[in-house]
Amino acid sequence: MMEERLGEFLTAVRRYDTFTAVAQSLFVSQPYVSRQIGAAEKKYQVQLVDRATTPIRLTYAGERLLAYLQREQQVQRNLMAEMNRLGNYAAGSISIGINQPLGASWLPRLLELFYEKFPQVHLTVAEVTTSKAASMLVDGQLDMFIGKRFYDERVATQKLGTLPLALLVPKNSPLYHTGPIVRPLTDEMMNALNGEPFIGIGNESTFQEAVDHALQDNGIRVNKRIEASDSRIAINLAASGLGTTITSPNALSRLPENAKVNVLVFPEAMLSLELCVAHRQDDVLPEPLRVLLQLVLTNADTLLALPLI
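Numbering of the sequence shown is given in numbering that gives the first Met the number 0, commencing with residue 0 and proceeding in unit increments.
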């Protein structure tokens with residue numbers, strides 16, 4: 000506790016001009032601040048504060064000591080957070096974040112395999128956007144995330160695979176043609192997209208951001224007529240003739256048998272979806288989480304074969 004208090008004193012010296020101002024900011028007396036810093040200087044046998052200047056300032060040794068104290072405090076916070084997480088695992092609790100609609104299409108079989116090994120573990124599953132999942136992993140609100148790949152040095156990610164994406168075209172679109180339902184999207188078709196009614200995904204979707212960038216990079220300006228809350232709604236609206244939307248080629252299994260649509264597959268380099276499983280950069284994963292991670296990785300092929308979006 001004394002080292003933590005010393006860190007507060009040195010931090011305040013950075014901010015204020017005098018020991019009196021430092022003491023007032025910390026709601027203690029000025030002699031107490033001077034005494035504690037003096038005791039630290041005696042302990043480390045080095046001057047920590049330059050008192051000869053106005054305003055007072057930390058010496059180089061003071062700056063270095065403060066850096067070490069801050070690092071030590073962060074280590075202690077990390078330690079407490081990890082011990083709390085391990086305590087949760089011991090009590091049988093894991094939290095999973097997953098992109099919509101992976102939870103409905105893929106998670107049931109995965110968790111069936113997991114519960115064969117850990118029947119007593121309590122799981123919390125939440126559908127979250129990728130941007131929210133990144134911060135929730137770092138903050139300890141999630142133990143694992145399955146969905147669109149992202150990059151954060153504090154998070155370990157492993158690629159599950161790349162999902163091809165396609166344009167779902169209803170019968171009333173000029174892009175619709177009789178013949179093969181699924182076919183490659185050509186440059187000519189891309190140009191015909193200009194001005195087409197389009198159904199996008201809202202709710203801070205990083206997937207929709209990727210779609211928007213891909214269209215813009217290729218000079219396509221669609222008429223974003225509708226913004227749906229999730230991809231399931233967007234697909235149904237598109238199949239009803241209200242506009243085109245982005246989906247995966249295997250989403251056809253979700254549509255009625257008599258749906259009159261085309262699925263125009265984007266070149267992978269232009270637009271595709273890279274999926275990952277992510278967790279915090281912990282050195283050692285608790286056994287339930289390690290097993291769950293392995294199940295996700297070994298069943299990735301099944302994931303990519305499902306109508307995910």
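Here a beta-carbon is modelled for each residue, glycine too, at the ideal position from N, C-alpha and C.
Asked: Considering only residues of the same chain and omitting the five flanking positions on each side of Leu47, which have a CB-CB separation below 8 Å?; Found: Leu9, Ile36, Ala39, Glu40, Leu57, Thr58, Ala60, Gly61 and Leu64
Asked: At what residue ranges does the region 179-241 contain a whole run of the alpha helix (DSSP H), taking only runs of 4 or more?; Found: 186-191, 205-216 and 230-238
Asked: Candidates Leu303, Leu288, Ile232 and Val262: which alpha carbon is nearest Glu273's?; Found: Leu303
Asked: I need the boundaries of the alpha helix (DSSP H) containing Pro266, first residue and last residue.; Found: Looking at the DSSP string, Pro266 is not in any alpha helix (DSSP H), and its letter there is neither H nor E.
Asked: Less than 8 Å between the C-beta atoms of Ser130 and Thr243, yes or no?; Found: no
Asked: Who are the Cβ neighbours of Ala90 in its own chain at under 6 Å, not counting the five residues just before and after it?; Found: The pLDDT assigned to Ala90 is 46, lower than 50, so where the model puts this residue is not dependable; a value taken from the coordinates is nonetheless given after this. None.
Asked: Could you tell me whether the region 130-144 touches the region 250-270, where touching means 3 or more Cβ pairs closer than 8 Å?; Found: no
Asked: Identify, in the order they occur along the chain, each residue of the same chain with its Cβ nearer than 6 Å to the Cβ of Leu270, setting aside the five sequence neighbours on each side.; Found: Leu164 and Ala213
Asked: How many angstroms separate the CA atom of Thr161 from the CA atom of Glu3?; Found: 48 Å
Asked: If you follow the alpha helix (DSSP H) that Lys131 is part of, which residue opens it and which one closes it?; Found: Thr129 to Val137
Asked: Can you tell me which residues form a DSSP beta bridge with Lys158?; Found: Cys275
Asked: I need the DSSP call for Ala90, collapsed to helix, strand or coil.; Found: Low confidence applies to Ala90: its pLDDT is 46, below 50, so where it sits in the model is not reliable enough to give any reading.
Asked: Alpha carbon to alpha carbon, what distance is there between Pro287 and Thr297?; Found: 15 Å
Asked: Compare the Cα-Cα distances from Ile97 to each of Ala80, Ala132, Met82 and Asn190 and report the closest residue.; Found: Ala132
Asked: Short of 7 Å in beta carbon distance, which residues of its chain neighbour Leu193, apart from the five on each side in sequence? Order them along the chain.; Found: The amino acid at residue 193 is misidentified as Leu; the sequence shows Asn. The answer, listed in chain order, is Ile219 and Arg220.
Asked: Tell me the DSSP secondary structure of Pro163 in three-state form.; Found: strand
Asked: With DSSP run on the structure shown, which of helix, strand or coil describes Lys56?; Found: The question names Lys, yet the displayed sequence has Arg at residue 56. In this structure, Arg56 counts as strand in the three-state DSSP scheme.
Asked: DSSP three-state label for Pro379, please.; Found: Residue numbering for the chain in the displayed model covers 0 to 308; residue 379 lies beyond these limits and cannot be assessed.
Asked: Give the DSSP bridge partners of Phe144, in chain order.; Found: Gly96 and Ala277
Asked: With respect to the alpha helix (DSSP H) encompassing Thr19, which residues constitute its N-terminal and C-terminal limits?; Found: Phe18 to Leu25
Asked: To the nearest angstrom, how far is it from the Cα of Pro169 to the Cα of Gln72?; Found: 58 Å
Asked: If you draw a straight line from the C-alpha of Pro248 to the C-alpha of Phe117, how long is it?; Found: 35 Å
Asked: Using a 10 Å radius around the Cβ and a threshold of 16 neighbouring Cβ atoms, would you call Ala299 buried or exposed?; Found: buried
Asked: Return the chain-ordered list of same chain residues with a C-beta closer than 7 Å to the C-beta of Met135, the five sequence neighbours on each side being excluded.; Found: Gly96, Val127 and Leu141
Asked: Can you give me the C-alpha to C-alpha distance between Leu159 and Arg153, rounded to a whole angstrom?; Found: 19 Å
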